[in-house]
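Here the structure is laid out as structure tokens; the discussion comes afterwards.
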Amino acid sequence: MTFPAKWGALEAHYSTKMRDLRLRQLFAEDPQRGERFTIDVLGLYFDYSKHRITTETVGLLIDLAQQCELRKHIDAMFAGEKINITENRAVLHVALRAPRDEQIFVDGKDVVPEVHAVLDRMAAFCEQVRSGAWKGHTGKRIRNVINIGIGGSDLGPVMAYEALKYYSQRDLTFRFVSNVDGTDFVEATRDLDAEETLFIVSSKTFTTLETMTNARSAREWTLASLKNEKAVAKHFVAVSTNTAKVEEFGIDSANMFGFWDWVGGRYSMDSAIGLSTMIAIGPQQFRDMLGGFHAMDEHFRTTPFERNLPVLMGLLAVWYNDFFDAQTVAVLPYEQYLKRFPAYLQQLTMESNGKHVTLQGAKVDYQTGPIYWGEPGTNGQHSFYQLIHQGTKLIPCDFIGFMKALNPLGNHHDLLLANVFAQAEALAFGKTTEEVKASGTPDWLAPHKTFEGNRPSTTILADRLTPETLGKLIALYEHSVFTQGTIWEIDSFDQWGVELGKVLAERIIPELATPEPTGNAEPPLQHDSSTNALIQRYRDGKRK
Ligand code: F6P
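Each residue of the sequence shown is one higher than the one before, starting from 1 at the first, in the numbering used here.
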């Protein structure tokens, strides 16, 4: 692997000073380290002291960011420049949470008024559904809301609904259908009454195979009960950028909430794609969430890199990914409501930075986006933490905890937080063979019970999980992804890698269709021998 020349100073720093330096030593040499390497801002306490870094490392990482013109790139994004060069699009999710009085221009047009016009329409609609004023075709109020979407049109809504369930209107049921596997739709609807069910068909393009297939099944399911085409107007709304396709599907554009091509799917949960979230928590709390996003946007845009949370988080990801050859990052929220947060982050991080060529189209000669994964604590501790503690792979971890429980119950919360702190401590400092032996372990067993330690983590603590805090946390990761992509000089906002599979599936779909009863021959297969055999096996198996 060869790094660009501007990485040279960091490479030398890594190999001469940092590779073998131990956190035990860093903490022993600097009793204030735990306070010095923390930032307390926007209600987030960000402790990055348990990383294999020194002040010099941070300085060199920031030098790298400067050489990569991170500031200029940030300004370009906020100014609406077309930084998604392969799709010739601006990248303006920050405009989705800009206050009414701000101005952000795309092609000379201020987009903030349109953003708020849609938010206002969403709010009016949500109030109708939440109050029961919006009636279904037979006059019954809506009790069930089903979002149909996939990728960015699903993961954000699901994650936000789960994360903010505590704040949701509990007499409404929310379900999310994404998979083209019919089980997803059937299980989501099996106990629901079509008269009381509203579908939100969420798709930026309104052409996505999974979503359109599920939307058609939803219409059939609705009409099978309500037996009148007019019911569609009361039971279906659409969220999309594609008015023509929405109308073609049969949803009145009066029941459509729009957004714009400068919002990437995985950055769209603040747009009308968040309609289910807004119905769940109400317009005011949705706006509080946007306020949290905006606060982090402003922090990212204006704060010097030394104190800038997304910049530091992004640079640490680069540090481990490219110098320590760490291939993954574990996100470990110690908050049950954040159970879908790691899944949400997987699309955000990996669809953004899973790229192998630079903006100029040259193949990169270094590692780009790491694999993000995780589970809520403490469940992961009884599953995969063994490997993080004693395996052969280095896995930087993000621990996320809250000072206050939303559901206080006995001493549960103390036990939960004790585990956050203990895990980060154990990973960093481990237990030496001498310490193991000193506690009476026989020599032969000591290696098995030794913890090498020196395993890095960030701990993020906040007061309690609120809509606003959730917004801050998501924007933190969004801008960390942007920082990483800027250092790697890749386009973090396109996703060409998902296309080939879609095209090949379109070719295979007719090849799987049941043969005509007239006995027409099945279409000949012209794939590789493996794919041909798999398709043939499926055709035969289906017939039996
Ligand atoms: O999986 C590719 C992708 O294009 C994602 O980027 C996007 O979030 C998802 O499909 C859904 O797309 P749409 O909202 O257009 O249905």
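We treat Cβ as the ideally placed atom computed from N, Cα and C, and that holds for glycine.
If residue i and residue j are in contact, beta carbons under 8 Å, what's the gap, nearest whole angstrom?
{"i": "G274", "j": "G152", "result": "G274 to G152, Cβ: 11 Å. No contact."}
{"i": "K82", "j": "A90", "result": "5 Å"}
{"i": "M289", "j": "E468", "result": "6 Å"}
{"i": "G136", "j": "E195", "result": "5 Å"}
{"i": "K472", "j": "L119", "result": "Rounded, the Cβ-Cβ distance is 19 Å, inconsistent with contact."}
{"i": "T483", "j": "L359", "result": "Contact flag wrong, Cβ pair sits at about 15 Å."}
{"i": "S457", "j": "A428", "result": "7 Å"}
{"i": "G354", "j": "G497", "result": "6 Å"}
{"i": "G546", "j": "L409", "result": "Only positions 1 to 544 of the chain appear in this structure, which leaves residue 546 out of reach."}
{"i": "F399", "j": "A426", "result": "Contact flag wrong, Cβ pair sits at about 12 Å."}
{"i": "V364", "j": "A65", "result": "Going by Cβ atoms, the distance from V364 to A65 rounds to 18 Å, so no, they are not a contact pair."}
{"i": "Y337", "j": "Y166", "result": "6 Å"}
{"i": "E102", "j": "V112", "result": "5 Å"}
{"i": "F78", "j": "L309", "result": "The pair is not a contact, with the Cβ atoms about 17 Å apart (cut-off 8 Å)."}
{"i": "S352", "j": "F493", "result": "7 Å"}
Report the three-state DSSP secondary structure of residue i (helix, strand or coil).
{"i": "V118", "result": "helix"}
{"i": "S178", "result": "coil"}
{"i": "T458", "result": "strand"}
{"i": "C68", "result": "coil"}
{"i": "A218", "result": "helix"}
{"i": "M269", "result": "coil"}
{"i": "K109", "result": "strand"}
{"i": "S439", "result": "coil"}
{"i": "F399", "result": "strand"}
{"i": "Y385", "result": "helix"}
{"i": "T205", "result": "coil"}
{"i": "V420", "result": "helix"}
{"i": "I146", "result": "strand"}
{"i": "A238", "result": "strand"}
{"i": "I490", "result": "coil"}
{"i": "I281", "result": "helix"}
{"i": "T514", "result": "coil"}
{"i": "G132", "result": "coil"}
{"i": "I508", "result": "helix"}
{"i": "L445", "result": "coil"}
{"i": "I200", "result": "strand"}
{"i": "K431", "result": "strand"}
{"i": "G391", "result": "coil"}
{"i": "T183", "result": "helix"}
{"i": "F125", "result": "helix"}
{"i": "G258", "result": "strand"}
Among the residues of its own chain, which have a CB less than 7 Å from the CB of residue i, if the five just before and after it don't count?
{"i": "D261", "result": "R89 and T241"}
{"i": "F174", "result": "V145, Y161, S276 and A280"}
{"i": "D297", "result": "V94, R97 and A475"}
{"i": "P447", "result": "T433"}
{"i": "H116", "result": "R100"}
Taking 6 Å as the limit between beta carbons, can you name the residues of its chain near residue i, skipping five residues before and five after?
{"i": "P283", "result": "A123 and C126"}
{"i": "G132", "result": "R141"}
{"i": "F27", "result": "R33"}
{"i": "K245", "result": "F206"}
{"i": "Q545", "result": "Given that the chain is displayed from residue 1 to residue 544, the structure contains no residue 545 and the question cannot be resolved."}
Considering only their Cβ atoms, is the gap separating residue j from residue i smaller than 7 Å?
{"i": "R97", "j": "D270", "result": "yes"}
{"i": "A238", "j": "I251", "result": "yes"}
{"i": "R340", "j": "V177", "result": "no"}
{"i": "I509", "j": "R307", "result": "no"}
{"i": "N255", "j": "I200", "result": "no"}
{"i": "A422", "j": "T459", "result": "no"}
{"i": "L70", "j": "T349", "result": "no"}
{"i": "A326", "j": "L415", "result": "no"}
{"i": "L23", "j": "N454", "result": "yes"}
{"i": "G149", "j": "T211", "result": "yes"}
{"i": "L92", "j": "G80", "result": "yes"}
{"i": "C397", "j": "A330", "result": "yes"}
{"i": "H479", "j": "F300", "result": "yes"}
{"i": "D491", "j": "I85", "result": "yes"}
{"i": "Y334", "j": "G401", "result": "yes"}
{"i": "A215", "j": "L470", "result": "no"}
{"i": "E547", "j": "I535", "result": "One cannot answer for residue 547 here, as it falls past the ends of the chain, which runs 1 to 544."}
{"i": "L42", "j": "A295", "result": "yes"}
{"i": "G391", "j": "P342", "result": "no"}
Closer than 8 Å by C-beta to residue i: which residues in its own chain qualify, once you throw out the five before and the five after it? Chain order, please.
{"i": "K404", "result": "H413, D463 and R464"}
{"i": "L172", "result": "V129, R130, I142, R143, N144, V145, I279 and A280"}
{"i": "K449", "result": "K431, V436 and T441"}
{"i": "D322", "result": "F3, W7, Y366 and Q367"}
{"i": "T222", "result": "A194, T197, F199, A231, V232, H235 and F236"}
Nearest chain C C-beta to residue i closer than 7 Å, yes or no?
{"i": "R537", "result": "Protein chain content of the structure displayed is limited to a single chain, and chain C is not contained in it."}
Which ranges would you report for the beta strand (DSSP E) in the stretch 314-380 if only whole runs of at least 3 residues count? 328-333 and 371-373
Please go through the stretch 41-103 and give each complete alpha helix (DSSP H) segment of 4 or more residues, from N-terminal end onward. 55-67, 70-78 and 93-96
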